[in-house]
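A.B. asks:
Residue numbers (this note's numbering): 1293 to 1808.
#1: So the alpha helix (DSSP H) residue 1578 belongs to, where does it begin and stop?
#2: Assuming residue 1352 is part of the beta strand (DSSP E), what are its boundary residues?
#3: What's the C-alpha gap between residue 1708 and residue 1742?
#4: What is the residue span of the alpha helix (DSSP H) that residue 1790 lies within?
#5: Would you say the region 1373 to 1381 touches the region 1601 to 1615, given that touching needs at least three Cβ pairs under 8 Å?
#6: Which same chain residues end up closer than 7 Å to residue 1500 when comparing Cβ atoms and leaving out the 5 residues on each side of it in sequence?
#7: Looking only at its chain, what residues have a beta carbon closer than 7 Å to the beta carbon of residue 1337, apart from the 5 residues adjacent to it on each side?
#8: Ignoring anything shorter than 4 residues, give me the alpha helix (DSSP H) runs that lie fully in the region 1675 to 1745, in order along the chain.
#9: Take residue 1569 and list the residues in its own chain whose beta-carbon comes closer than 8 Å to its own, dropping the five residues that flank it on each side.
#10: Quick one, which of 1793, 1735, 1787, 1788 has its alpha-carbon nearest residue 1350's?
#11: Alpha helix (DSSP H) containing residue 1766: first to last residue?
#12: DSSP on residue 1777, reduced to helix/strand/coil?
#13: Expressed to the nearest angstrom, what Euclidean distance is found between the alpha-carbon atoms of residue 1421 and residue 1468?
#14: Leaving out five residues before and five after residue 1732 in sequence, what residues of the same chain have Cβ atoms less than 8 Å from its Cβ?
#15: Is it true that the CB of residue 1324 sits closer than 7 Å to the CB of residue 1711?
#16: Please list, in chain order, all residues of the same chain as residue 1607 whose beta carbon is under 6 Å from its beta carbon, the five residues on each side excluded.
#17: Would you kindly report the start and end of the unbroken alpha helix (DSSP H) that includes residue 1445?
#18: Any heavy atom of the ligand COA within a distance shorter than 6 Å of the CB on residue 1477?
#19: Looking at the structure shown, is residue 1309 part of a helix, part of a strand, or coil, going by DSSP?
#20: In chain order, what residues of the same chain lie with their CB nearer than 6 Å to the CB of residue 1511, ignoring the 5 residues before and after it?
#21: Leaving out the 5 sequence neighbours to the left and right, which residues in its chain are closer than 7 Å to residue 1808 when beta-carbon positions are compared?
#22: Roughly how many angstroms lie between the CA atoms of residue 1329 and residue 1686, to the nearest whole one?
#23: Give me the Cα-Cα distance between residue 1444 and residue 1556, rounded to the nearest whole angstrom.
#24: For residue 1433 versus residue 1383, is the C-beta spacing smaller than 7 Å?
#25: Using the beta-carbon count (16 or more within 10 Å), is residue 1794 buried or exposed?
#26: Helix, strand or coil, according to DSSP, for residue 1457 in the structure here?
#27: Can you tell me the Cα-Cα spacing of residue 1553 and residue 1561, whole angstroms?
#28: Sort out for me which residues DSSP pairs residue 1348 with in a bridge.
#29: Over what stretch of residues does the alpha helix (DSSP H) that includes residue 1604 continue unbroken?
#30: Suppose you measure from the CA of residue 1688 to the CA of residue 1715; what does that come to, to the nearest Å?
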């Protein structure tokens, strides 16, 4: 939609500010997590031609495409966290620009400015997850990209219909390999093929789209061929909480039917969790505005479709939101704020549209001021926490100490284990099995090597798990163990333990949440 020259000049400044904020987060705060470290390790193995991944190890739903891109950067710039995060920041900035293109296409001039501010300067959690390689960053690029293509399909804005439909399918297939969270936007495109042309089924478009998906999804198809049913079973089993033994029971059909009814029974609870988790991600004021905007968009889209069989641009977003709610309640149902990212990604468009409909300038200005104030307040707390908990610097200090003291084998929590392994370029191997003997152990062969080592340390993150230090030391003493204790920043390292001891023994009665 056309906007005046004065407002148009503001948009590049908003985008530039959004890019600067993301660069600050990456290169100054340097946030890192266990998952991003795993993808960085995958990139290192690809670069060294040791292993070629289709999925994240032990997670047959998180595609490895970003690790291949990072491996190419390692070849040019060397193996480092900074090199690895270049892909993350490029992906995040591309998603930012695509989001601003969408808002310019579907909103009026006031709505564009409101939407672009929310896209460029969202709550910190949104920026963090847009840089969080391993399903999350992929969502922030591919969901806006596919929504833009859905809007173009709805408007029939393409030079060559066949090429555009095939390309949309290709990108959808690639996205489905990388993250299951794009399922709602793919279903949105399919819905438009059914209802988007005054109710006439677009069979040719569907055929081209599905052909493109098959090509884009080919890595996952190859994986399933090499490991029969692994990827599909993981996804289908996650939906119904099934395992192989359940399917081998005397009445597998009855078991599946029972699980289907069970899943439907969880829908009310899942619906209730959506606002709570959304507020964790984007703040309570924005969540309230978002759900008011969803109600307004649903009402308008339904009225237009019933009267004229017509789907406008906001109607496309409304269809996506509906599919997301179905997807979340039927396939996910639990989790944390990050699970709401696919919904929060479209919040700027819906909020911008709703606020731009307020005719009184003062009322709109007041709401916008309150919204920005809420963002600033939300960001102050999360940026402070990210600087202290997720910053790579505190792990770098620990890693340097471990290497200097020749401590090369150990056990710790998930984040510490894989961050240290990447930071040390695998000179130090740490198993993430401190709290659980198998959970999220991406490379079990490394854990076997650690169990066979003569001197194995235990690393406790005192910032994340301060409550376990005292019961951990009591357990060590209870086993008659002598040990050396070193404190490195937030971390406590127990080494030179007198007798070999497995985590399941020394952690008896202790969980990540505290002592049972």
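Virtual Cβ for every residue (Gly too), placed ideally from N, Cα, C.
C.D. replies: Result, derived from the coordinates:
#1: Element bounds for residue 1578: 1576 to 1600.
#2: 1351 to 1355
#3: Within the model, the alpha-carbon separation for residue 1708 versus residue 1742 is close to 15 Å.
#4: No alpha helix (DSSP H) holds residue 1790; DSSP gives it neither H nor E.
#5: no
#6: 1454, 1457, 1458, 1461
#7: 1343
#8: Runs of the alpha helix (DSSP H) spanning 4 or more residues and lying entirely within the region 1675 to 1745 occur at 1684 to 1696, 1706 to 1715, 1736 to 1743, in chain order.
#9: Once the five neighbours on either side are set aside, the close Cβ partners of residue 1569 are 1627, 1628, 1629, 1631, 1632.
#10: Looking at the Cα atoms, 1735 is the closest of the given residues.
#11: 1761 to 1770
#12: Correct three-state label for residue 1777: strand.
#13: 18 Å
#14: 1326, 1350, 1706, 1724
#15: yes
#16: The answer, listed in chain order, is 1593.
#17: 1428 to 1447
#18: By its list of ligands, the structure shown contains no ligand whatsoever, and the ligand COA lies outside what it can speak to.
#19: Residue state, collapsed to three classes: helix.
#20: 1346, 1469
#21: Because the pLDDT at residue 1808 is just 34, under 50, the model does not fix this residue reliably, and the value given afterwards should be weighed accordingly. For residue 1808, where only same-chain residues beyond five positions count, the Cβ hits under 7 Å are 1801.
#22: 14 Å
#23: 34 Å
#24: Going by C-beta atoms, residue 1433 is nearer than 7 Å to residue 1383.
#25: exposed
#26: helix
#27: Those two C-alpha atoms are separated by around 14 Å.
#28: 1351
#29: That residue, residue 1604, is in no alpha helix (DSSP H); it is neither H nor E in DSSP.
#30: A direct Cα-to-Cα measurement between residue 1688 and residue 1715 gives close to 7 Å.
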